[in-house]
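Protein chains in written order, with my numbering: chain A, 323 to 628; chain B, 323 to 628.
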């Protein structure tokens, strides 16, 4: 194989109480990487589309480039790779855009150079994330592996895929507003009161139990975050109103996706999701922001060949 | 029914990363309450044995008395209860002695006065714990309900029983040493660095996943606590050596049971448990403390009539 085209899905990180620990791959958005084997070693990025000209083509400054470079180091063969990157989701929206590029690029190199285990590529994807937004796997993990992913340890890296309720639907509402990831990280508290740790531990445990029981309502009701959401809510105009609108419209739970500004809500059908999405969109409108709605399912496959 | 005899088991609270959130009922030790219906309202404690004369017979100062009094309020009938309490485990050992008394007394009143739902008695047991050692349900929950219990929320109280691996064995080593619960609580940090919150969240999630997968090794390996154990370890002479001895002898994990000084280790057979227990006992001996070893299973029944 000399060329390959790989898709990697959008992801919801910071799933309620699961900061840096849980992430979920969702359908409907993602990045596409076309990769071609080259005789010359190293990574070149030949083209990027869908980014409005904002992403660097220098491979050491681009998550796709970094991930591809790290993946090449894992391959025993000589040679390099030339990439074309197509962004099919908005940048800085809280849906793991940089992670999807990294996962797609790493898996593309794997396909070209005979690496068959996705898990082996995680460190490559993590290095890419670290280069742009910090050392965290709750976007790259699910974008690469698919489904609901638990990162139970970073040192050493321990990661597993968890079951999800079959009727789990995620309502993703993305306002036309950008929260800089750096600012969203800066407001995260460095010291957490014990009672909030206990509260989040309890909800995180409830979420895990619901994932194994296949209970969408319990899964959604456990989306209660006493630590990160309160610190970031003010960065998204209208967030409280949007959340209240989602819950009033019947969502089981609602919080910020990743660093925002996308807000996600949990429900169990497309119809309910559309009604919840409309209510959330209206609330953003009242805060002066237009927004797009996507009622997504779990993307169980993760990075894959198109 | 005018008299009833109820047993409630010992429990491991603060199960590794699950401070105030997870507790486990274990076989081999527990408290027994004999209760008799009285025409006169209220609670009297007629006798206490096995406590070396240390527990108060004033029902408002005794967890069995408080729990019985609260349980009586739930009953629609008039009348009271007279209790005889037999302590079958050491006080202040970190095995939920006060909780077992509360659970046994509350369930005794329930049997006498026609309350059939154990869950209804949880607030009564919590009130009893709050009177002596703080508002936490990770001992009373499992002692009452049996098995591995998750308290996912305290406000409102949300509690559920989780599955456990069938071959889960707990090695409980109790040194002849008393850690005052008040001191053990006092050293618990009030503010926790975010990286430790993430570390514990990950291990707690791994523990939950292992409980549903029935994976004893993974369950034990997730007994890694970055928050409470480091703060309390110095209160138990020889703790680090005991823990290292347990792990060297093949335990999957090891930490402090409740507020200590009992140290628990996780393994998957009686034979392995006995070898691990002997190694831990020897390490305590080197620290100058004699100790008792109990290789326990999960007590799935909780409070029950004898």
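Yeah, the Cβ is synthetic: ideal placement off N, Cα and C, and Gly gets one too.
Beta-carbon neighbours of residue i, restricted to chain B and to distances below 7 Å
{"i": "residue 342(A)", "result": "520"}
Chain-ordered chain A contacts of residue i [CB-CB under 7 Å]
{"i": "residue 534(B)", "result": "534"}
{"i": "residue 510(B)", "result": "516"}
{"i": "residue 448(B)", "result": "Correct list: empty, because the minimum Cβ distance to chain A is about 14 Å."}
{"i": "residue 531(B)", "result": "472, 482, 484, 530"}
Euclidean distance between Cα positions of residue i and residue j
{"i": "residue 345(A)", "j": "residue 331(A)", "result": "12 Å"}
{"i": "residue 610(A)", "j": "residue 602(A)", "result": "13 Å"}
{"i": "residue 594(A)", "j": "residue 491(A)", "result": "9 Å"}
{"i": "residue 563(A)", "j": "residue 605(A)", "result": "6 Å"}
{"i": "residue 414(B)", "j": "residue 435(B)", "result": "31 Å"}
{"i": "residue 560(B)", "j": "residue 583(B)", "result": "10 Å"}
{"i": "residue 599(B)", "j": "residue 360(B)", "result": "45 Å"}
{"i": "residue 488(A)", "j": "residue 618(A)", "result": "12 Å"}
{"i": "residue 465(A)", "j": "residue 446(A)", "result": "13 Å"}
{"i": "residue 538(B)", "j": "residue 588(B)", "result": "8 Å"}
{"i": "residue 608(A)", "j": "residue 596(A)", "result": "18 Å"}
{"i": "residue 486(B)", "j": "residue 543(A)", "result": "24 Å"}
{"i": "residue 432(A)", "j": "residue 350(A)", "result": "24 Å"}
{"i": "residue 509(B)", "j": "residue 553(B)", "result": "6 Å"}
{"i": "residue 505(B)", "j": "residue 404(B)", "result": "33 Å"}
{"i": "residue 649(B)", "j": "residue 355(B)", "result": "No information on residue 649(B) is available, as it lies outside the stretch 323 to 628 that chain B covers here."}
{"i": "residue 340(A)", "j": "residue 394(A)", "result": "32 Å"}
{"i": "residue 439(B)", "j": "residue 580(B)", "result": "26 Å"}
{"i": "residue 363(B)", "j": "residue 515(B)", "result": "50 Å"}
{"i": "residue 535(B)", "j": "residue 334(B)", "result": "21 Å"}
{"i": "residue 461(A)", "j": "residue 467(A)", "result": "10 Å"}
{"i": "residue 319(B)", "j": "residue 329(B)", "result": "Nothing about residue 319(B) can be read from this structure; chain B reaches only from 323 to 628."}
{"i": "residue 551(B)", "j": "residue 577(B)", "result": "7 Å"}
{"i": "residue 573(A)", "j": "residue 384(A)", "result": "36 Å"}
{"i": "residue 473(B)", "j": "residue 454(B)", "result": "19 Å"}
{"i": "residue 612(A)", "j": "residue 585(A)", "result": "13 Å"}
{"i": "residue 614(B)", "j": "residue 496(B)", "result": "5 Å"}
{"i": "residue 623(A)", "j": "residue 402(A)", "result": "26 Å"}
{"i": "residue 348(A)", "j": "residue 483(A)", "result": "14 Å"}
{"i": "residue 575(B)", "j": "residue 494(B)", "result": "12 Å"}
Buried or exposed by the 16-neighbour rule on C-beta atoms within 10 Å, applied to residue i
{"i": "residue 567(B)", "result": "buried"}
{"i": "residue 529(A)", "result": "buried"}
{"i": "residue 325(B)", "result": "exposed"}
{"i": "residue 380(A)", "result": "exposed"}
{"i": "residue 442(B)", "result": "exposed"}
{"i": "residue 502(B)", "result": "exposed"}
{"i": "residue 411(B)", "result": "buried"}
{"i": "residue 458(A)", "result": "buried"}
{"i": "residue 513(A)", "result": "exposed"}
{"i": "residue 628(B)", "result": "exposed"}
{"i": "residue 592(A)", "result": "exposed"}
{"i": "residue 452(A)", "result": "exposed"}
{"i": "residue 392(A)", "result": "buried"}
{"i": "residue 565(B)", "result": "buried"}
{"i": "residue 374(B)", "result": "exposed"}
{"i": "residue 409(B)", "result": "buried"}
{"i": "residue 523(A)", "result": "buried"}
{"i": "residue 418(A)", "result": "buried"}
{"i": "residue 456(A)", "result": "exposed"}
Interface partners of residue i on chain B, CB under 8 Å
{"i": "residue 525(A)", "result": "474, 475"}
{"i": "residue 513(A)", "result": "513, 514, 515, 516"}
Chain C within 8 Å of residue i, Cβ atoms only
{"i": "residue 575(B)", "result": "No chain C appears in the structure shown, which is made up of the protein chains A and B."}
Exercise for the section: With a floor of 4 residues, list each alpha helix (DSSP H) that falls wholly inside the stretch 348-406 of chain B, ordered by position along the chain. Expected result: Whole alpha helix (DSSP H) segments, 4+ residues: 385-396.
Practice task
Mind checking the stretch 426-451 of chain A against chain B and listing, in chain order, the residues whose C-beta falls within less than 9 Å of any C-beta there?
Solution key: Cβ contacts with chain B: none found.
Handout entry: Contact set between the stretch 573-589 of chain A and chain B, restricted to residues whose Cβ is under 9 Å from the partner
Key = If the cut-off is 9 Å between Cβ atoms, the stretch 573-589 of chain A has nothing near chain B.
Problem - Within 9 Å of chain B by C-beta, residues of the stretch 366-393 of chain A in sequence order - result: Across the stretch 366-393 of chain A, no CB contact with chain B closer than 9 Å is found for any residue.
Problem - Ranges of the beta strand (DSSP E) found wholly within the stretch 462-519 of chain B, counting only runs of at least 3 - result: Taking only runs of at least 3 residues, the beta strand (DSSP E) segments lying wholly in the stretch 462-519 of chain B are 470-476, 479-484, 491-497, 513-515.
Practice task
Mind listing, in chain order, the continuous alpha helix (DSSP H) runs of no fewer than 4 residues lying wholly within the stretch 509-571 of chain A?
Solution key: Qualifying alpha helix (DSSP H) stretches, in chain order: 516-535, 538-543, 550-554, 561-570.
Exercise for the section: Would you mind listing the alpha helix (DSSP H) stretches within the stretch 567-627 of chain A that are 4+ residues and don't spill past its ends, in chain order? Expected result: Segments of the alpha helix (DSSP H) lying fully in the stretch 567-627 of chain A: 592-608.
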